Amino acid sequence: MERWFSWAPPDREALATLVLSLKIGENHLREMMDWLEEIALRDGKSIQDILADRPIYDASTDPRLGRADRLKRVKEQLRRRRYPRLAQTEDQIRTQISALKLHPEIHLSVVPGLEGGQLKVEFQSGSMAELRAVVAKLSEVVSLRPTAAIFELLSGEIGQAQI
Amino acid sequence: MNRFVPDELVVERGSESSSVFNNLRSTLPQVPVKIVEEVHFAATDGRTVDQFGTAKRRLFLTRHKGEFFKKCPGSDGQVCCNYFVINFASNCPMDCSYCYLQEYLSDNASLKVFSNIGDLIDEADRTLRKHRGHFFRIGTGEITDSLALEPYTGIVRELIPYFAEQPNVLLELKTKSDCVDTLLDLDPKGRIVVAWSMNPQPVIERDEHGTASFAERLTAARRCQQAGYRLGFHFDPMIEYSGWENDYESMIEEIFASLDWRKFSWLSLGVLRETPGLKRVIRQRFPRTRLLAGEQVHCPDGKLRYFQPQRIQMYRKMVQWIRQFAPTVQIYLCMESKEVWQQVFGFAPACEKELGNQLAPLA
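Chains as they are written, first to last, in our numbering: chain A, 1 to 163; chain B, 1 to 363.
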């Protein structure tokens, strides 16, 4: 509360409106306040203006979504705003994973934040024949250009992967 | 660099017979002295908002009752460089926004120096003699700046003659000051490394309060090199901001244009990192700093760092700029994972001894 009171009145009101409409819990709220203050300081914008930005406002008022989903979308939009290059790299990795057109039994993912630089590979099969097929498909994936691009993105060649 | 002058010198009974006390009295004659039977490190009255900052204003002189010689704790899961530390003081008169001491010393933030330097040397001597087959890299700048108080205490001037004679040690004096005058007439005999924590001038102005400017540090380094000291540079913490590349590349160019890199012992790189607890303290003490605006994520050791692809890119650029001038100078990463080492250098030390051994023969 003390922190909230330290904000300018319009900023306080903008956050209060959001908190009440989405019933934001303490942990989510603390994280969102961190992000809002850091974005405001970095970008020289008021918190009220940040919350009024179209993607955040739309997510918070989307009538098609329930309260929990709206909160999730708002947090995702705020995170994207707070970590633009990280979000861009994560997006690029997701694009490359999609481009691989994976067998439905194979799943590739990276951890949020990309710490560790690892690509997680998961697959499942219900028979020897299925396993052979999945492994063969996985073997093909290794030699495809998007797979190399994923590792280039993970190893710091941000935006420079020859996709 | 503005010279630090404490508001008061608080001396524990018994310490007034020490050489450190005599040095303090002769170099700070205007500072009031209070002799006490026992020091109490409650540095503030509880009503002061910035307790950590306030604690830097009183200088305590006391005997150190524990061990002086310790292994550097490193950071969980990160590649360690097998470093040892000797603490002859605690806290620092400077006030960097990112300083980890703000959290590490939060229970006892008093600025203090220890009077029983003879005990320190005796303890070091026992350890160094017992392990003659081991080469020690020892630093004095873990919980204080190695040289910022030297003009008043003369402690380092007492330590150098002893460590310069030891066959199995390299003593590193790590600083952000330019307080090297008292070192220049001593013979380091190849055993003493004076090392500067370096950042471009815009970072110094924004976040390294009370430290020497970049130009002052460089001048001090040149004087030490001329006096026969080996040098080290720690580009740590590297701060990412718009235009950081130009500032850091220019800084590297200036350093290598001014000094003979073949007499460098090592360079280290490390990005800004902090625990969530330290982040809260920084936010409270330096609300306008832009340090925390970077894209930091939680790492397995509990600290926040720039996200991995970004910091790998930062390290690679720094290594590339350094290598243009000094193709063979030893560079290591401080508190980084094996994965990051691998991406930056193409290898990762198998264990802390391997990295320690790589750095030790450079004496």
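Ideal Cβ placement from N, Cα and C applies to all residues, glycine included. A quick note: this is a predicted structure, and the numbers were derived from the prediction, not measured.
Between residue i and residue j, which are expected to be in contact by the criterion C-beta below 8 Å, what is the C-beta distance as a whole number of angstroms?
| i | j | result |
| --- | --- | --- |
| S258/B | R222/B | 6 Å |
| L359/B | W266/B | 6 Å |
| A87/A | S46/A | Rounded, the Cβ-Cβ distance is 22 Å, inconsistent with contact. |
| L149/B | V180/B | Actually they do not touch by this definition, with Cβ atoms about 13 Å apart. |
| A109/B | F52/B | 5 Å |
| D107/B | R285/B | In fact, because the Cβ distance is near 16 Å, the residues do not count as touching under 8 Å. |
| R67/A | L22/A | 6 Å |
| P161/B | L186/B | 7 Å |
| L78/A | V141/A | L78/A to V141/A, Cβ: 34 Å. No contact. |
| M1/B | A348/B | No, M1/B and A348/B are not in contact; Cβ-Cβ is about 38 Å, not under 8 Å. |
| E245/B | K174/B | Rounded, the Cβ-Cβ distance is 25 Å, inconsistent with contact. |
Going by alpha carbons, who is nearest to residue i out of the options?
| i | options | result |
| --- | --- | --- |
| P29/B | E8/B, S18/B and V39/B | E8/B |
| R191/B | M198/B, E208/B, N82/B and E172/B | E172/B |
| P32/B | Q284/B, R57/B and I252/B | R57/B |
| H107/A | A129/A, V135/A, G113/A and M128/A | V135/A |
| C72/B | H64/B, M94/B and F84/B | F84/B |
| E2/A | R30/A, R82/A, K23/A and T17/A | R30/A |
| F21/B | M314/B, R3/B, T62/B and H40/B | T62/B |
| E336/B | Q330/B, G270/B, R290/B and L292/B | G270/B |
| C96/B | I35/B, D207/B, D260/B and K65/B | D207/B |
| S199/B | N168/B, I239/B and T127/B | According to the sequence provided, residue 199/B is Asn. The question's Ser does not apply to it. Ranking N168/B, I239/B and T127/B by Cα distance to N199/B puts I239/B first. |
| R290/B | Q92/A, L78/A and E38/A | E38/A |
| W261/B | I138/B, Q330/B and F214/B | Q330/B |
| R85/A | A220/B, C299/B, L304/B and G294/B | G294/B |
| A215/B | E245/B, Q320/B, S197/B and R129/B | S197/B |
| L28/A | R73/A, K101/A and K120/A | At residue 28/A the sequence reads His, which differs from the Leu that was named. For H28/A, the nearest C-alpha among the options comes from R73/A. |
| I389/B | S115/B, L186/B and Y248/B | In the structure as shown, chain B starts at 1 and stops at 363, and residue 389/B therefore has no counterpart that could be examined. |
| C299/B | Q320/B, L272/B, M318/B and I138/B | L272/B |
| V297/B | E115/A, A129/A and P146/A | E115/A |
| I24/A | T95/A, R70/A, L144/A and E130/A | R70/A |
| P276/B | E103/B, I86/B, V36/B and T219/B | E103/B |
| F60/B | G133/B, Y152/B, L147/B and V203/B | Y152/B |
| G405/B | R3/B, E274/B and E123/B | Because chain B spans 1 through 363 in this model, residue 405/B falls outside it and cannot be assessed. |
| T219/B | V194/B, E339/B and F4/B | V194/B |
| V111/A | L102/A, I93/A, H103/A and M128/A | I93/A |
Which one or two residues does DSSP pair with residue i in a beta bridge?
| i | result |
| --- | --- |
| R12/A | DSSP, once it has assigned bridges, lists no residue as partnering R12/A. |
| L170/B | R137/B |
| L58/B | The sequence shown places Arg at residue 58/B, rather than the Leu named in the question. R58/B pairs with E8/B. |
| F235/B | L269/B |
| S109/A | K120/A |
| I331/B | L267/B |
| F114/B | T62/B |
| H209/B | D95/B |
| W196/B | T175/B and F233/B |
| A220/B | In the DSSP output, where bridge partners are listed per residue, A220/B has none listed. |
| V85/B | K70/B and G139/B |
| E274/B | L304/B |
Of all the CB atoms in chain E, is at least one closer than 7 Å to the CB of residue i?
| i | result |
| --- | --- |
| E249/B | Included in the structure are the protein chains A and B, with no chain E among them. |
- request: Anything in the stretch 101-115 of chain A with a Cβ closer than 9 Å to a Cβ of chain B? List those residues in chain order, please.
  value: Cβ contacts with chain B come from P112, G113, L114 and E115.
- request: Please list the residues of the stretch 287-303 of chain B that have a C-beta atom closer than 8 Å to any C-beta atom in chain A, keeping them in chain order.
  value: Those would be R288, R290, L292, A293, E295, V297, H298, C299 and P300, in chain order.
task: Anything in the stretch 307-334 of chain B with a Cβ closer than 9 Å to a Cβ of chain A? List those residues in chain order, please.
output: Legend: CB atoms of the stretch 307-334 of chain B lying less than 9 Å from CB atoms of chain A belong to residues F307, Q308, P309, Q310, R311, I312, Q313, M314, Y315 and R316.
- prompt: If contact means a Cβ-Cβ distance below 7 Å, which residues of the stretch 83-102 of chain A contact chain B?
  reply: Listed in sequence order: Y83, R85, L86 and T89.
- prompt: For the stretch 283-325 of chain B, which segments carrying the alpha helix (DSSP H) assignment without a break, of at least 4 residues, lie completely within its bounds, in sequence order?
  reply: 308-325, all fully within the stretch 283-325 of chain B.
- prompt: For the stretch 236-247 of chain B, which residues have a beta carbon sitting closer than 7 Å to at least one beta carbon of chain A?
  reply: Along the stretch 236-247 of chain B, there is no position whose C-beta sits under 7 Å from a C-beta of chain A.
field: Contact list for the stretch 128-145 of chain A against chain B, Cβ threshold 9 Å
entry: Of all residues in the stretch 128-145 of chain A, none has a C-beta nearer than 9 Å to a C-beta of chain B.
query: Can you list, in chain order, the residues of the stretch 27-54 of chain A whose Cβ is nearer than 7 Å to any Cβ on chain B?
result: Within the stretch 27-54 of chain A, the qualifying residues are E38, L41 and R42.
Sequence ranges, beta strand (DSSP E) only - wholly within the stretch 35-72 of chain A, length at least 3: The stretch 35-72 of chain A contains no complete beta strand (DSSP E) run of 3 or more residues.
field: Contact set between the stretch 148-159 of chain A and chain B, restricted to residues whose Cβ is under 7 Å from the partner
entry: Going along the stretch 148-159 of chain A in chain order, one finds L153, L154, S155, G156 and I158 with a Cβ nearer than 7 Å to chain B.
field: Length-filtered (4 minimum) alpha helix (DSSP H) runs lying within the stretch 8-35 of chain B
entry: Segments of the alpha helix (DSSP H) lying fully in the stretch 8-35 of chain B: 19-27.
Under 7 Å (Cβ pairs) to chain A, residues found in the stretch 339-350 of chain B: For the stretch 339-350 of chain B, the beta-carbon criterion of a distance under 7 Å to any beta-carbon of chain A is satisfied by E339 and Q343.
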